[in-house]
Every structure is written in C-alpha cells, then in structure tokens.
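This report concerns only the one structure given below.
Protein chains: 4
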Amino acid sequence: MKTLNVGMIGYGFMGKAHSNGFSKANHFFDLKHQLKLKTVCGRTKEKAEAFAKSWGYDDTETDWRKLIERKDIDIIDICTPNDSHAEIAMAAALAGKMIMCEKPLALNGEQGQQMVDAIEKARVPNMVWYNYRRIPAVTFAKQLITEGRLGRIFHYRAKFLQDWTISPDLPQGGAGLWRLDVGAAGSGVTGDLLAHCIDTAIWLNGEFSSLSALTETFVKERKHNLTGKVEKVGIDDACTFINTFDNGSLGNFESTRYARGHKALYTFEINGENGSIAWDLHDLHRLQWFDYKDEGPLRGWRSIHITDGDHPYMGRWWVPGLAIGYEHSFVHQVADFIQGIETGNPAAPTFREAQKTQRVCDAILASAQDHAWHKVRKD
Amino acid sequence: MKTLNVGMIGYGFMGKAHSNGFSKANHFFDLKHQLKLKTVCGRTKEKAEAFAKSWGYDDTETDWRKLIERKDIDIIDICTPNDSHAEIAMAAALAGKMIMCEKPLALNGEQGQQMVDAIEKARVPNMVWYNYRRIPAVTFAKQLITEGRLGRIFHYRAKFLQDWTISPDLPQGGAGLWRLDVGAAGSGVTGDLLAHCIDTAIWLNGEFSSLSALTETFVKERKHNLTGKVEKVGIDDACTFINTFDNGSLGNFESTRYARGHKALYTFEINGENGSIAWDLHDLHRLQWFDYKDEGPLRGWRSIHITDGDHPYMGRWWVPGLAIGYEHSFVHQVADFIQGIETGNPAAPTFREAQKTQRVCDAILASAQDHAWHKVRKD
Amino acid sequence: MKTLNVGMIGYGFMGKAHSNGFSKANHFFDLKHQLKLKTVCGRTKEKAEAFAKSWGYDDTETDWRKLIERKDIDIIDICTPNDSHAEIAMAAALAGKMIMCEKPLALNGEQGQQMVDAIEKARVPNMVWYNYRRIPAVTFAKQLITEGRLGRIFHYRAKFLQDWTISPDLPQGGAGLWRLDVGAAGSGVTGDLLAHCIDTAIWLNGEFSSLSALTETFVKERKHNLTGKVEKVGIDDACTFINTFDNGSLGNFESTRYARGHKALYTFEINGENGSIAWDLHDLHRLQWFDYKDEGPLRGWRSIHITDGDHPYMGRWWVPGLAIGYEHSFVHQVADFIQGIETGNPAAPTFREAQKTQRVCDAILASAQDHAWHKVRKD
Amino acid sequence: MKTLNVGMIGYGFMGKAHSNGFSKANHFFDLKHQLKLKTVCGRTKEKAEAFAKSWGYDDTETDWRKLIERKDIDIIDICTPNDSHAEIAMAAALAGKMIMCEKPLALNGEQGQQMVDAIEKARVPNMVWYNYRRIPAVTFAKQLITEGRLGRIFHYRAKFLQDWTISPDLPQGGAGLWRLDVGAAGSGVTGDLLAHCIDTAIWLNGEFSSLSALTETFVKERKHNLTGKVEKVGIDDACTFINTFDNGSLGNFESTRYARGHKALYTFEINGENGSIAWDLHDLHRLQWFDYKDEGPLRGWRSIHITDGDHPYMGRWWVPGLAIGYEHSFVHQVADFIQGIETGNPAAPTFREAQKTQRVCDAILASAQDHAWHKVRKD
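Protein chains in written order, with our numbering: chain A, 1 to 379; chain B, 1001 to 1379; chain C, 2001 to 2379; chain D, 3001 to 3379.
As structure tokens, then:
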C-alpha cells in the first residue's frame, strides 16, 4: 500500500476541514493508497507547529515554495485566500505535484484560464474543493436527474443566505476576515457563496447561457485590519441574478450575508416535468422529493432521510437513521480524488470544470456593473 | 341596521369566494350594516339561477348594464375576467355604486389609470380584492414591520409557484381557462400571481424603484377552447425578476405554473437588521419569526401558530390552536370594507393603491421584452 | 326542497361552530333539504337574542323543554355542558326529534347506555359531534386504512396537548370554565380531549381491549366561579394510558392541559406493516404518509397537502393548495347527517357508536384510581 | 504529553464508532493525554487484523483475558454483546484498567450491581457509553433545565422508533443480529433503545418512581443463526410504559422496531411551567424551544440550529450553520472521559449512574409480565 504525503498550505478553517478529510478517508473507504498528513505550511511558525501537533503532521514549512520543492510531498493542498491560488497552483504544477485547490479556483476567469492551461500542460491530477457535490443528498439528487426522473427541467433556483456581517463594527481584512477584503477575496458573496451554487447548478442542470445581476454593498466602509484605517468596502454584500440555462430552463439565484436568521442556508430546488427536488444545507441529511408519478391523491413532497446503506457514500458510515454532517463531504472528496487517480477516471470538478464557474461569476459582476444582460463566456 | 344589497357580476371560483365572504361577515363581525346577497349577474341564465339558489341570492340578471342601473343594488362586485374590469367599473362608478373589483385591477397601467380617474371623480367607495393582505399571519407581519421590529430592511423575496399547466394537452380560453388566454387575462403569471406578491410587497416594504425581468412561455401553442383551433400562447408561463425598492432593499420575485409539486405556494420572506419574517400560503396559519434580540444561543426561527385571540382577526373566530383557512381572507375583506365605509377611513387597497401594482407589472413585461432595466412609473 | 328547522340549545363556543355548520352546508353541498336556523335556546334571554340576531335565527327560547315541544322544530342540537346531555336527549327522543348531541355523549357509560336505549326505542336519527372524523385529512386516512394499504397494524398513538390551565389563578366552573368543574364536565381531559382521540382510534383501528391509565391533578384547588369559594379540583388535568386493541396492536395515549407551547395539538400516528400515517390538528390540512412500497432509497414521509378535488370533501371547496380550517368539519358533519337521512344510511357516529368511547373512558378512570389493568366493557 | 493506550474488545458497529471517537478526540479537543489505538481484540483473527489495519491499531488479540493482562494497555473499551459486559468489566477492574463499557451496563439490575461493586472497589475510572447525552442539542437542553428555565416540570415523554425487524424472514442471533437473541441481549427494545431514553430522562428530569408497562413480541418465532433452527423469540419487539417521576411529573415512553417509516427516531419532549423542549435524533442538530416568557402574540416554538460557537461542544468544530452528526457524540464522550480523569471530576454516566437505568428496565420487564404497577428499586 503506497503512501501519499500531503503538504497543506494554510491552516485556517479550511485547513482543519481538509486535514480531517485526509485523516479519515482511509478509515472509512477502501483505498489503495494510505494518506499521510506530512507537512503543513504557514507564515507563522508557531501557529503552523501547533496545528501540526493537533493533527499529527510530521513537520512544518513557512515558505510554500520550499514545500513545493520537497521530493517527499505528493499532494499540494491549497487552503490559502483566493489571491494566492494561481501562483501556488501553477508553481506546484510545474513541480509535478498533484493539486487540490480550495474554491473559488481564481480571482476571475482570466486568471482561472491561465491556471487551467498550466495544470493541463503539466498533466498532474487536479481538483477544486467544491465540497457540496459530495453531501450524500446532493449526490443522490444528481443520480435522480441522471436517471431522467425529472424529465424536462423548467426551473432551477438556489440561495446561499448568511447573516454574519450585518454589524458595521465588523472590520475587514486579515486572519478570519479576508473574505471581506476585495483584494484578498476578489469579490464578496459572488465568489464565496454563489460560486458553490453555480458549481452545483452546472453539475445538476448544465451550463448557464445568459444572466442579469444585481449586487449591493450595504455597509460602505469598514475598518481594515491590516491598515488600521476605515476603508471603502470593495466586495458585494449581496448578489442576486436571473438567468437562462442552455437546456432552456430558467434560473434564479441569490446570496447575501445580510439575511438575519440564516447562518449558512444554501438551498436549491429543481422543478422538472415529472418531479422536483429540493435540498438545504441546514438539514443536509435530507432530500425533498416530489414524484408526479405517485397516485394523484397520495402525491406529496417526501422528506427522504439520506442515511441508508443504498444512499451515496452512506454504506461507508453508520446505520439507517444516523446522520453525518458537513465535514464528511471533505472525506468523500479525498476518497474520490484518490480513487480517481487509482482508476484513471479523474474525480470532478477538475480545474477545467471549476473554470466554468469563474466565467459565470465574471458575467455576474459585469452585469451588476453595467445593468445589462450578459452572455456567459464558454472557454 | 341598514341593509346593503350586493350585486355580483360573475359566478365562477371568485364568485363563490366573494359570496361566502358577504354571507359570513355579519356572523363574525360587529357591523352596522347587514349585507344581503341580492342579485347575481351572469351571461348564462340557468347557471346564474343555480348559483343564486345555492347561495340565497334573491334574483339574477344576464346583462351587467341592467344590474348597474338597478336602484336596489348598493355594491357592485366585479368577479369577471380581467378584460372587462375597466368597462364595468367605470360604468358602475358613473352609476354611483360602491365597487369591489377582483384583482388585477386592469389589463395594464394605462387602463388602470383611467379606472382610478373615473372612480375618484365619482367619489364612490372602492376596493380591489387583494385578499392575501387579510390572512391573519400576513396582517400580523404588517404590524411587526410597522412597529419597527425588523429595523432597516435588506431583502424582500417572494414566490408564487403552481404546477397546473404543465400538460401541453391543456387548452386555453373559455370558462375556467381564461387565465391562459392573453386576450382575456392580459398576461400570464405576472397579472395573476405576481400581482399578489407585488401588492403585498408594496404594503409591507414600500414602492418598487427599478427591475430586470425574465419571462418564458414553455408551451408555445395550445388548442383554444373558443375557436377550437391550436393557437399561439400569448401569456407568460413563468416570470422572475430582481429589483430595488425605494427603501434601499433588494427584491427577488418569481412565479410560474411549471413548478411541479407546488399547488399554490405563495411565499415571502423579509430580512431586516433586527429580525426576519417568513410566510407561505400552504401553511397560511403560521408566521415564521426570527428575533435577533433573543439571547444568542437561544435564537431560532419561531413558528407562530396564528390562532390566538390577540392575533389579527382571530378574536372573531375560534379558540387558540384552531385554524381558519383561505376563504376567511374574503370575509375579513368584506368586514374591513364595510367598516371603512362606516368609519370614513377607507380600507386598502383602493383602486389608487392597486394601480401601483399595475405599474410594476408594466415594467416587468417591458423589461422581459427588451432585456433592459426599467424604472417603475409612479403615477 | 323541504326545510328542516334547527332548534339549538346552548350558544357558547360550540353553538357558534354548529350554527356556522348549519348555515354553510347548503352553500357547499347538494342536499335535498334546506337547513334553517330557526330557534336558539339559552337561559339568558338577552344573550340568546343577541346570538339569534348575529346568526339569523328567527326566535329564541329560554326553556329547553318548550323548545322540544314545538312542532316547527325538526332537529334538536345539544350544545350544553355534559351534565345535561342525557336529560335533554332522552326528552327530545320521546318528542320524536332528530338529535345531534355534542360530545362526549354522557357523563359516563351507564348514563350513555340509557341514552342509547331511549333514542333507539324512539327510532329517531341521531349523531354525536365527534367532528374530527370529518377533517378531510382524517377522512382520507380512514380511506387508506379501509383500502388495506397499511397491512397489519402494530401501533396506534395519539396525544391531545393543551396548555391553557397551567395558571393556578384560573378559576373553575361557570360560563366558559365549566370544563374545569367535575360536576358539569364529568371528568377533565379524559372526557374533553381523550374522548376525541378514542373516537378516532375506534374508527380507524377498531375497539379497545384493555388498558392501564395514569391521571394527575396538578393544581389541587381552584376558586369556583359559582360558589365564589376555593374548592378542591375534581377533574383530571392530565391522563395517559397504554392499551391493547382487539386487532392485536398496541396503543399509547396522552392528554393534558399542562403541555406548555401546545394550544390544541391533537395528533395521531398509525404504524402498519406496509405503511404509516400521521396527522395533527395544528396543521390539519396535511396528512403524513409513508409507503413501504416506494423504491427503497426514495422512501420518505410524504407531506400530502389535502386540498385537491379528489381528497374527501375538498371538491366542494376551493382549488388545490387553498386550505380550509377547523370549522369545516362541522359543515361536513351537518351535510353527512342530512345525507344520511336522505339515503337511509345513517352517518356515524350515532349514539350507539359514541357509547363505545364512554366505556373506554370508564375503564381509564377506573384504572387510574385502582392502578390495575382494566378490560373495556363491550355493551 | 502522556499517551493512553486503548484496548478495544469487539469490532462491530460500536467498535467503529468508538475507534472514530478515540482517533478524533485529540484533533478537536485540548487534552493533556494523547489517545492511541493500540490493540483491538476479537475472536476472528482475520477480521480483527483487517479492522486494525483500517483504523491504525498497532496489533490484535483474540482472547480478551490476554488483552486485560497486558501492561501496555491503559483503557479497556468494551464493545461486545451485552451478555459479556459483566465478566469483562469485572476482570478489567481487577486488573486496574480504566473501563469504558457499551450500554446497557448489564443484562439486569442484579448483574449491574455486581459490576458497580467490583469497579468501585477497584477505584478505576469508568464510564458507560450512553452517547446521546453528548449530542450538543441534548447537552444544551440539560443546561436550560439546570438554569431553571422550564420551572416546575409536568410532563416528560420519549420514544425510540425503528422499523428494521418487521420482516418475519429476518433471523435472530449471531453477528449483526445478536440484538434479536434474548440470550445475548437480555431483552429487546427495552435494553437496546429504551435504555437510552431512560438514561437521558434520569439526567434531565431525575429518577423514576413507579411505572406500568406493556410489551409485545409481534413475530413469535425466527430462525436462529447460531442453531440453524426456528426458535421462539424471547425479546420484546415493542415496549411502552407510563410512569411517575420523583419530581411529580408524568412520564410516557415507547419503543418499537415495528414503526414503519422510522429508522432511528429517538425523540423526547419536556413540558414545564415556563417553557418546553423537544428534540429528535433524525434532526439531531436542532433543539425545539418554547419560551412562555416571550411576548404573547409572538410566542412560538423556536427551531434552534445548534451549530454556534456558544452551543455545547460546537466551538470545537466548524462555523455556524454547519452541522455535525451522530458520530461526534462519541468523540465528545472520549474527550469528556479524559478530561474527567485530568480534572478529577469524573464524567457521567459512571457505572453507578448507569445502574439506575438497569433498575428501571427491571421494573419495566416485571410490570409487563405481571400487569401491575412496579416501584423502581433505588440501590
């Protein structure tokens, strides 16, 4: 059994989620490779070492370029803020490493395309952590759609609602708050939250054709943690758009960090000729399913508790009725990535697939700026 | 106790809902007037007579002009398809009748303005049946907003989802299906369903500024019941739009008759700085309420069962826990209209208020056609 | 079309619910008889007259014996406290009137048996107002069971939870509070609330075999409104029991007026070999249905919105998605009672059927007293 | 940082859950000890070795007596069927090991008492895996009760409903099915499922006084996997009981494996003077909370999404809105057990506390047999 050594760059929230994914995959999935948390890389040595100790990494680095040069590292896992994804990923590709990169892939479509070109030239295994595809209920939704159970699709709607930035006293920038800093994040809810909704939508319903978007920044200025000054807020606090899909269905999307009462309510619904599906992240272990083929007076939305052995991934976990949670999507992603390598059938989304989401985000931000409909660029 | 004689024009679904409203108002509300179902007017004499017998109307008419001329009729209630509202209402105004008109007020904003002018010139009591304002949970939401409990509003979103026209075998036009005939209805889901959402939104969140809309007609041709021929479908099967409100909040609206699994799911949600509200028509007796002022770890959405004596209208009905339904909104509307006459403080929405919704609908249909943002005209 | 004149005794909460039932039945159901609210009878003349005016009764009586003697009265409707049901019903039977009696039928099984004997000797149409049988979702549950869709039944559980008597400052006795006075009510939650649960259970799952019960009176003394003194409370504040049914299934029942947060939460669930059903009064327009015959991974509880034309009674009301409420069960009961007379196939539950519930209540109260299992007497 | 070596006996479903708990505790909790999966012990060497490899155990044993003798083992974790708990635990106590034992503690109260005596004599740290206490929502419920927010308690009700044994073709006995074999399990749902309900109830609401129970075995005979013959089924398939608590409240409990549609629906509700709490395992990340102190018309059940940093345990995991699942209760239990050792304040439930549940189970089974009320023995 070959060992694959993981070198992780970044040790924030995502560093924890990824480390958990790597450390559990072999416990629950039959893989031909043994994953090993080898090295964690971060700018602050003490923090990196503390993190390494908690999770059992062998050692640390403070310079990601050194990590990439190391011959004992097989997989580079990128958990840094968005503005460094491109540079690290392209260097890691040149060094011939396997690459797993946090989402969104890039700051924008142009940068994303450079990354795709570099990684495909290097022919290294690659993946982007759009983890929600691997919540079992979401994977099951994909199965139902692939089986044709919904028939022609009429509508796709998705929301991602949070409420953690309503206070104007919250600063922007720096550790834990870089998502509010347009320089580090590239955009606000569009790249952070809608990117998830878009990735799932492309997977479940195909590509976007054209769209019209509206963004708003409710709190115009915030203290910046890195400069210590009150500065203009450059991100979008909220974004909503309407769109057409290539398959003729209509889309409606919305994301905000100003929806009081919702912590991380990612929800989508798909309406087809013969059935409908709905899901939300706050009750991620359930799938709502409406089947028009049921007998007329007995038709109703079924709340399916996705915890049976014949539900995706669930045969690896516990017994019917016992739910898993958010973190398991990362375990599944690790397992699928490794199995993709083992079978030669790469797991999705690769950089190329994740780049589609970048192009939709570009169209959103452009439309919000010029108040016109935009076609989504297909690379 | 003075009697007010009602002359109702039309005896379809809405004729039944209105008749029930008129017949129950005196049983449950203390009014100074006794409402009397006097005359029902419809083109087919036998049907009008059967309807009159079921509901206890004294007599029938087959020509609405004769009904309007009758001196023993106090209130003209218009339940006909949309294309006849204007002519009837303006004639009734000239005849000095009180007027209650089904929604939407008119086929479009221009026609609506003529109606407003005519009725205000005649100075007759008038109201449009946007009945959902008087679902107790919705009225209670209005109270909470008026009390300032939500603080600054960030988001308003509403949907009205149905699924009854998915089959391409369903014809358009004629009795029961005039809502699919653009000639009789003026538009599809925009005037039929979104008009409700817009009326509620204006009431709860103020006027619309500008919007961008998308419409679709999924089934392009249907047999027309009146001509017997397959004809182009002129209505919008689905409509979604994004908008700004005058108060700075963002709106997101959607309506369709192609959302498999939803019968009449009108739902809205409002997110404010200090609280949020959500409601839906499928569980119309509940209001979802999130209060940021609750203690942190105890915060959660409250499902309020709107059946207590101190909830709007509910002191007139049963005891806590025992729900009322859809039809009661019409009873409330009758009671409020009469009390508006008795107190000199007219019940809303009057024609003038309902005309605001027409202007929003105009902007929606224009935007959907030219794919540009439109400002909403303020008369 | 023959008119049936109704003479109603009592004008409290139930008087209102019954009057509404009588006044609406002809509007929504095709009956061969026209119901007429003729006379309301109550001890306080002014109150009776005010009630008569609101509801359109022709006149009033203050002595129920006079009402029964009147030749122009066809139906005697008994809405008085429990301790007068027997005397009134037996006198009305002797006078040859049709009788509709509020539940519970009697103060106890012995008295109930006398009533059954008297009314069957007089051969008059009779019915007891166990109205929850005619909530459409409950009637639909009965259909599913009758069709054999559940297979062998293993479990039946029901609760009726309220919270309105928790305050020790609430007095007992007199108008509006006679349900707390053991003299007028006979028992507490057993006869008031569990009687409903038992009636439904017998209808859906057959007769009770034996049971073991536990009752409690949390507030031992309350001021009595009629005497003005603090007196011992004689009713059961809460009652729970476990039982076997004749069909071999197990039962679990509970009722209380001390379940903080529940206004009138009557809920039942039935688990069978092939399916399960659940319902509750707080969302009375829904039926929860689990079908084991669905495909394995797609199994889930369906929430059926009981508002379609092919659901029981619903073809008489509005359109799919538009709910009716509590009061409609009384309209249905009136319509069924009249159709029972018209067809010669009496509507249930008759006095004889309602007497079964009395015998179960007797066993409950006896078991709670001697802490032993009791067989339920079958008359 | 001292290492504690774990020796686990049994490698079935619970072996997996416990191993996961031990392997994750140091990742998420700040402990002064490093837990090490040292040895797994099982009768079948190949299976034990495969399990050891998946989870990273250093080695295996096939004889639990040898494991107990080993000096390099600090903690003995017992995951075997119920009939071997006593022998193993008492031997491990004699050997001076720390002991973590699966629930139920013993086959019955008498055996349990011997175990308590032995372990207390040996003065070794000990705990029983009643893991549901450490679902964050359940722990939070305990906090609310301890703070006195509910006031006087009136009612406690709990259910544990499953449906996996309905088929008469399911055999009893042997790997995976020993829970159906009365010899190995001691009882059916009483010890397996109700034991959880009782443990939680004692923790939240105090001790049981007396009870009356009903059990049923729906399928009387099943093939026995160990003998190959059809044998009488000795376990209870279903059990329901009513009871009084020492604090004067009433209890209602039910468990079954014949509730079609419920996989592992453990649910409890507590009604107090000032508030109520409800929880269920199928949505284990939510707590339902009703607060009577809320303003009257705004009262409603709050659905609290227990995923905030100030909810029990949740500060160690992800961010608000992101749920954890079933398995985390075991991680918490490991962390609490270790912290109990470190602080000298032992984590509950110890053997002594878990023995209380045994005495309630004894009373249940005795009452079900003689159809009489039984007092619960207090050791």
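Heads up, the beta-carbon is just placed ideally off N, CA and C, and yes, glycines get one too.
For D291 of chain A, the pairing in a beta bridge is given by DSSP as A:G275.
For the set A:P168, A:M314, A:S276, the Cα lying nearest the Cα of I306 of chain A is the one of A:M314.
With a threshold of 7 angstroms between beta carbons, W2279 of chain C makes no contact with chain A.
Only F1013, K1016, A1017, S1019, N1020, S1023, K1024, N1026, H1027, F1028, D1030 from the segment 1010-1034 of chain B bring a Cβ to less than 9 angstroms from some Cβ of chain C. When DSSP states are grouped into helix, strand and coil, S187 of chain A belongs to the coil group. The Cβ atoms of C2079 of chain C and A2089 of chain C do not sit closer than 7 angstroms to each other. With respect to P2081 of chain C, A2184 of chain C sits close: the two C-beta atoms are nearer than 7 angstroms.
Taking 9 angstroms as the Cβ-Cβ cut-off, the segment 3268-3296 of chain D approaches chain A at L3281, H3282, D3283, L3284, H3285, R3286, given in chain order. Annotation: F2241 of chain C is outside any alpha helix (DSSP H); the continuous beta strand (DSSP E) that includes it extends over 2238-2245.
The beta carbon of W2064 of chain C sits no closer than 7 angstroms to any beta carbon of chain B. For the segment 2125-2167 of chain C, the continuous alpha helix (DSSP H) assignments of 4+ residues that do not extend past its boundaries occur at 2136-2146, in sequence order. S209 of chain A has a beta carbon lying at 7 angstroms or more from every beta carbon in chain B. In this structure F2208 of chain C is in contact with N2243 of chain C, their Cβ atoms being roughly 6 angstroms apart against a cut-off of 8 angstroms. Counted as a single uninterrupted DSSP element, the stretch harbouring T80 of chain A is not any alpha helix (DSSP H), since DSSP gives it neither H nor E. The beta-carbon distance between A3025 of chain D and L3035 of chain D, rounded to whole angstroms, is 6 angstroms. This is short enough to meet the 8 angstroms contact definition. Contact annotation for W1301 of chain B against chain A: G261 [CB-CB distance below 7 angstroms, chain order].
The beta carbon of W2055 of chain C does not come within 7 angstroms of any beta carbon belonging to chain D, so the residue lies off that interface. Taken atom to atom, the span from the alpha-carbon of V1360 of chain B to that of R2257 of chain C is near 50 angstroms. Nearest to M1127 of chain B by alpha-carbon distance, out of B:I1076, B:K1263, B:R1152, is B:I1076. The C-beta of D3370 of chain D has fewer than 16 other C-beta atoms within 10 Å across all chains shown, which makes the residue exposed. Around the beta-carbon of G2191 of chain C, 16 or more other beta-carbon atoms lie within 10 Å, marking it buried. Inside the segment 73-120 of chain A, DSSP marks whole beta strand (DSSP E) runs of 3 or more residues at positions 75-78, 98-101, from first to last along the chain. In summary, the residues of the segment 1305-1329 of chain B whose CB is separated from some CB of chain C by less than 9 angstroms are H1305, T1307, D1308, W1317, W1318, V1319, P1320, G1321, L1322, A1323, I1324, G1325, Y1326, E1327, H1328, in the order they occur in the chain. Minimum Cα-Cα distance from G2186 of chain C among the listed residues C:N2020, C:Y2132, C:H2027, C:G2109 corresponds to C:G2109. When Cβ pairs closer than 8 angstroms are counted between the two stretches, the segment 294-313 of chain A is seen to touch the segment 2298-2305 of chain C, the count reaching three or more.
Contact check for F28 of chain A against R316 of chain A passes: the beta carbons are separated by less than 7 angstroms.
Going by beta carbons, A368 of chain A and L214 of chain A fall inside the 7 angstroms limit. For the pair T2060 of chain C and E2049 of chain C, the CB atoms are nearer than the 7 angstroms cut-off.
Under a 10 Å Cβ-count criterion, N20 of chain A is classified as buried, with 16 or more other Cβ atoms of the shown protein chains found around its own Cβ. DSSP places H1027 of chain B within a helical segment (H, G or I) once states are collapsed to three. Secondary structure in the segment 1170-1227 of chain B: the beta strand (DSSP E) runs of 3 residues or longer, each lying completely within the stretch, are 1208-1216, 1221-1223 in chain order. Between I153 of chain A and chain B, the shortest Cβ-Cβ separation is not below 7 angstroms. A residue is called buried when at least 16 other Cβ atoms come within 10 angstroms of its Cβ; T1350 of chain B meets this threshold and is buried. Straight-line measurement puts the Cα of W64 of chain A at about 12 angstroms from the Cα of I73 of chain A. Among the CB atoms of chain D, none fall inside 7 angstroms of the CB of A52 of chain A.
Assignment of beta-bridge partners to L2265 of chain C by DSSP yields C:L2161.
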